[in-house]
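A quick write-up on the structure given underneath.
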Amino acid sequence: MDWTRGCTLGRGSSATVSIATSHLSGDIFAVKSTELSQSKLLKREQRILSTVRSDHVIEYRGWNVTCENGKQMYNLCMEYAAGGTLKQRGSLGEAAIRANTRAILQGLQYLHSNCIVHCDIKSENILITGDWLKIGDLGCARLADDFSDSVCGTPGVHGARGGARGGAGVRR
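The opening position of the sequence shown corresponds to residue 1 in full-length UniProt numbering, with each subsequent residue numbered one higher.
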């Protein structure tokens, strides 16, 4: 996969997301990158995202390792959401809220039916591709049987039972 990195779309606690262009096809996609030596979480996200096939979850495009500015970088390639995030869209009318909620719940239903728990659902992680909403940023996602004693997600955004074990929506 030969590509060129474009502008930075966002930075998280462990990775940076940039726009990228394929040299072969000219297709635009998003690439989430971190130094190879610190890529454990991004590799876990890649393993989970590579199993997902849903219209309601951002599409996996592959991964690679590049050398940039003398550093080995691990890159997770995925669909580019040109419409940004649900948070960036701002306030919505009742009909739009109803449609958006339905799309998000369909994505969560797909993930949960495949034993994947997102662990960080928030408006910044709901991406807009055309008129379609998709769940993105599976960086905190876990397989339902893969919970440890560590807490993951955005501080202050956890549900009432959203601790490390037995959080809302997880059946044991």
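Using N, Cα and C, we set each Cβ at its ideal position, and we do this for glycine too.
Run through DSSP, which three-state label would S14 get? coil
Anyone know if the C-beta pair for G136 and I58 falls short of 8 angstroms? yes
Would you please state the rounded distance, in angstroms, between the beta carbons of M73 and S33? I believe it to be under 8 angstroms. Sure, about 5 angstroms apart at Cβ, within 8 angstroms.
Would you kindly report the start and end of the unbroken alpha helix (DSSP H) that includes L105? E94 to S113
Secondary structure at N125, three-state DSSP: helix, strand or coil? helix
Just list the residues that DSSP pairs L143 with in beta bridges. Beta-bridge partners of L143 (DSSP): I116.
Alpha carbon to alpha carbon, what distance is there between H118 and L92? 24 angstroms
Considering only their Cβ atoms, is the gap separating K87 from S123 smaller than 8 angstroms? yes
Touching by the beta-carbon criterion (3+ pairs, under 8 angstroms), the region 13-22 and the region 103-111: no
Would you mind giving the Cβ-Cβ distance between L143 and I116, rounded to the nearest angstrom? I have them listed as a contact below 8 angstroms. 6 angstroms
Which residue's Cα is closest to the Cα of D27: N75, Y80, A99 and C7? Y80
Where does R44 sit, in a helix, a strand or coil, going by DSSP? helix
Beta-carbon proximity of T129 to G90, cut-off 8 angstroms: Their beta carbons are not under 8 angstroms apart, which means T129 does not touch G90 by this criterion.
Based on DSSP bridge pairs, tell me the residues matched to E35. M73
Between L9 and Q46, which are expected to be in contact by the criterion C-beta below 8 angstroms, what is the C-beta distance as a whole number of angstroms? Rounded to the nearest angstrom, the Cβ distance from L9 to Q46 is 18 angstroms, too far for a contact under 8 angstroms.
Just the Cα atoms here: how many angstroms apart are R5 and L41? Between R5 and L41, the C-alpha separation is close to 21 angstroms.
DSSP three-state call for R5: helix, strand or coil? strand
Drop a sphere of 10 angstroms on the beta-carbon of D149, count the other beta-carbons inside from all chains shown, and report buried for 16 or more, exposed for fewer. Reliability of the predicted coordinates at D149 is poor, the pLDDT of 48 falling under 50, and the value obtained from them is presented with this limitation in mind. Burial call: exposed.
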